[in-house]
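Only one structure is covered here, and it is reproduced in the block below.
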Amino acid sequence: MRIPCPCCGWRDRREFTYYGHETFLHRPAPDAGAEAWDDYLHNRENPAGPTRDLWYHDPCGSWVVVARDTVTHAVAGGEGLA
Amino acid sequence: MRYSGLRVLAEGLRGNRGWRPAWRKPAPRPGYDAIIIGGGGHGLATAYYLARNHGLTNVAVLEKGWLGGGNIGRNTTIVRANYFLPGNSEFYSFSLKLWEGMERELNYNVMHSQRGLINLFHSDGQRDAFARRGNMMRAQGDDAVLLDREGVRRMLPRLDYEQARFPIYGGLYHPRGGTARHDAVAWGYARAADARGVDLIENCEVTGIDIRDGRVKGVQTTRGAIWAPKVGIVVAGRSSQVAAMAGMRLPIESHVLQAFVTEGLKPALDHVVSFGMGHFYISQSDKGGLVFGGDLDFYASYAARGNLPMVEHVMEAGMTLMPMIGRAKVLRSWGGIMDMSPDGSPVIDRTGVEGLYVNCGWNYGGFKAVPASGWSMAHLMATGQPWHDAAHFRLDRFRTGRGLMDEEGTGAQHNLH
Ligand SMILES: Cc1cc2nc3c(=O)[nH]c(=O)nc-3n(C[C@H](O)[C@H](O)[C@H](O)COP(=O)(O)OP(=O)(O)OC[C@H]3O[C@@H](n4cnc5c(N)ncnc54)[C@H](O)[C@@H]3O)c2cc1C
Ligand SMILES: [Zn+2]
């Protein structure tokens, strides 16, 4: 599996650390309540098929939102996070 | 038909013409008292204990593929009761006791072999942690022995004791731990459930869950609608998809875990061994193959096959621990889809829908749990109350933060288990 880094291009999966579904980008307000925080931290759609998740490129320190398929392992692309 | 040694002998003499299929292949009926979605180890055991412990025999197990084709037939077969935290500790202790009576109970040879499990440690800090774990196991009533380096060497002469990088300091020995034939566990529960009247329906994928006024009414399947006042979701890696049919989002992320087996060798390893540096564990099957595995591939996946970096990592760890395995050829490798929960512990609970129950979150350790999980799930579905040894496996612990069971002490977050 190879993953596109915005700085370094397509690189081997070994160079990346997986963080999880892009849900992690949508942090609720501090006072949003237990349900919202539970959803953010724990509950997942966990799709079988196309997904978007967060990977960290260890050599350059970029965060990448990767579009890939959890059934085929095909990686469609990725966008860097500012 | 009862199985016995005499029966094998008699059938052998008669050309094995007397064997009958181990279970029926019934067509689904219009309705049942209870439906179990998923014909893996946990689903089949749940159906069996519904019939055995609660007299509920008008039960169907709906399996989208064939019985035992999921994780139950893909694991590395380790059975142990060496958990640390209250909630897990009593549950796995209960499970191991059920294992010890399973073959007689089911009249089925599951090749349960209590050959002992040795978790190696490689530093003073690890020794302290394992001593503490061993004390917790003994406090629970299970067995644990702290071995020093020489004690390990006597039992496991073929490990590398010379290397300086990860020296073997000793091991925590759990004599009642061991292995079992995974497929046989599925087949044994299937046969015993069928004998008590449970309908095992293969090639029957659940595609929808019918809910009215907050109560479950039945399910939609590829073989038609089936009604039931009670439905249990027991689908391991597919938990999120099936729960979504009831409008639920679960605290589950599905990940792939790989395993490997070599060609058959002469007896070389009498116990189950885990390496304390770099995740690696190994045992030798009764056919002689070395069965081993390591970590998850560590990204969400439903592919049931892994990637090469983890293959490489597992081989490296194996060679570090036991260089002799470098001579063996790896015959096969495969993957299974693990239902990972944020704290690494499972869920056996009610849902927001009356009559709908969920059993999931077994991570990479649900094989040893099969009997106790089935027992507890059946108790919950039949009585509406949790079985006492499984009462901590609540779905709301993540929301409330109360009763999290994080054995690794890393935090209740998805990417950490
Ligand atoms: C490589 C590997 C090694 C492992 N090693 C160990 C170990 O050493 N010790 C240990 O304790 N555990 C181990 N495990 C974990 C253990 O195998 C699992 O936790 C356990 O088997 C999961 O429960 P199950 O048997 O019910 O799952 P499964 O066998 O996966 O059963 C779930 C069933 O649900 C069916 N299903 C899914 N969706 C639907 C639907 N919509 N309709 C109908 N049916 C459906 C599936 O087809 C499947 O048959 C390992 C797992 C793997 C993959
Ligand atoms: Zn980069």
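Taken in sequence, the protein lines are chains W and U. Be aware that the first sequence starts at -1, since it is given in my numbering, and climbs by one per residue. Be aware that the second sequence starts at 50, since it is given in my numbering, and climbs by one per residue. We treat Cβ as the ideally placed atom computed from N, Cα and C, and that holds for glycine. From a predicted model like this one, the values you see are computed outputs, not experimental measurements.
query: Contacts of residue 46 of chain W in chain U (Cβ-Cβ under 7 Å); result: 290 and 351
query: Boundaries of the alpha helix (DSSP H) in which residue 347 of chain U is found, first to last residue; result: Residue 347 of chain U -> not in any alpha helix (DSSP H); beta strand (DSSP E) instead, spanning 338 to 349.
query: Three or more C-beta pairs below 8 Å linking the segment 213 to 230 of chain U and the segment 79 to 86 of chain U; result: no
query: For residue 426 of chain U, the nearest candidate out of U:56, U:232, U:280 and U:355 (CA to CA); result: U:280
query: Alpha carbon of residue 374 of chain U to alpha carbon of residue 367 of chain U, nearest angstrom; result: 7 Å
query: Where residue 161 of chain U falls, given that 16 or more other Cβ within 10 Å makes a residue buried; result: buried
query: Per-residue DSSP class, three states only, for residue 217 of chain U; result: coil
query: Environment of residue 307 of chain U [buried if 16+ CB atoms lie within 10 Å]; result: buried
query: Where residue 37 of chain W meets chain U, residues with beta-carbon distance less than 8 Å; result: 298
query: Residue-level contact to chain U via CB, residue 68 of chain W, 7 Å cutoff; result: yes
query: Residue range of the unbroken alpha helix (DSSP H) whose run includes residue 41 of chain W; result: Segment: none, residue 41 of chain W is in no alpha helix (DSSP H) and carries neither H nor E.
query: Cβ separation of residue 3 of chain W and residue 12 of chain W, assumed to be a contact under 8 Å, to the nearest whole Å; result: Their Cβ separation, rounded to whole angstroms, is 13 Å, which puts residue 3 of chain W and residue 12 of chain W out of contact at 8 Å.
query: Within chain W, partners of residue 395 of chain U - CB distance below 8 Å; result: Here the premise fails: no neighbours, minimum Cβ distance about 14 Å.
query: Residue 374 of chain U - DSSP class collapsed to helix/strand/coil; result: helix
query: Contacts around residue 330 of chain U, its chain only, beta-carbon distance under 6 Å, and the 5 residues preceding and following it disregarded; result: 323
query: Chain U within 7 Å of residue 24 of chain W, Cβ atoms only; result: no
query: Neighbour flag for residue 55 of chain W against chain U, beta carbons, 7 Å; result: no
query: Which of helix, strand or coil DSSP assigns to residue 266 of chain U; result: strand
query: Three-state secondary structure (DSSP) of residue 368 of chain U; result: helix
query: Top-ranked residue by Cα proximity to residue 421 of chain U, from U:438, U:265 and U:334; result: U:438
query: is_contact[residue 50 of chain W, chain U] using C-beta, thresh 7 Å; result: no
query: Beta-ladder partner(s) of residue 302 of chain U, from DSSP; result: U:389
query: Three-state class that DSSP yields for residue 356 of chain U in the structure shown; result: coil
query: is_contact[residue 464 of chain U, chain W] using C-beta, thresh 7 Å; result: yes
query: Partners in chain U for residue 43 of chain W, counting only beta-carbon separations shorter than 9 Å; result: 289, 293 and 298
query: Closest by C-alpha distance to residue 91 of chain U, when choosing among U:286, U:314, U:464 and U:381; result: U:286
query: Start-end ranges of the alpha helix (DSSP H) lying completely within the segment 83 to 131 of chain U, minimum 4 residues; result: 90 to 103
query: Residue 91 of chain U Cβ short of 6 Å to ligand 3 heavy atom set; result: Ligands displayed in this structure: ligand 1 and ligand 2; ligand 3 is not among them.
query: Reduced DSSP secondary structure (H/G/I, E/B, other) of residue 457 of chain U; result: coil
query: Short-range partners of chain W found in the segment 351 to 371 of chain U, where Cβ spacing is below 7 Å; result: 351, 352, 356 and 358
query: Cα-Cα separation, residue 409 of chain U to residue 264 of chain U; result: 21 Å
query: Status (buried if at least 16 other CB within 10 Å, exposed otherwise) for residue 115 of chain U; result: exposed
query: Check whether residue 65 of chain W and residue 74 of chain W have beta carbons under 7 Å apart; result: yes
query: Boundaries of the alpha helix (DSSP H) in which residue 62 of chain U is found, first to last residue; result: 54 to 62
query: Residue 254 of chain U versus residue 117 of chain U - alpha carbon distance; result: 14 Å
query: Buried or exposed (CB count within 10 angstroms, at least 16 for buried), residue 123 of chain U; result: buried
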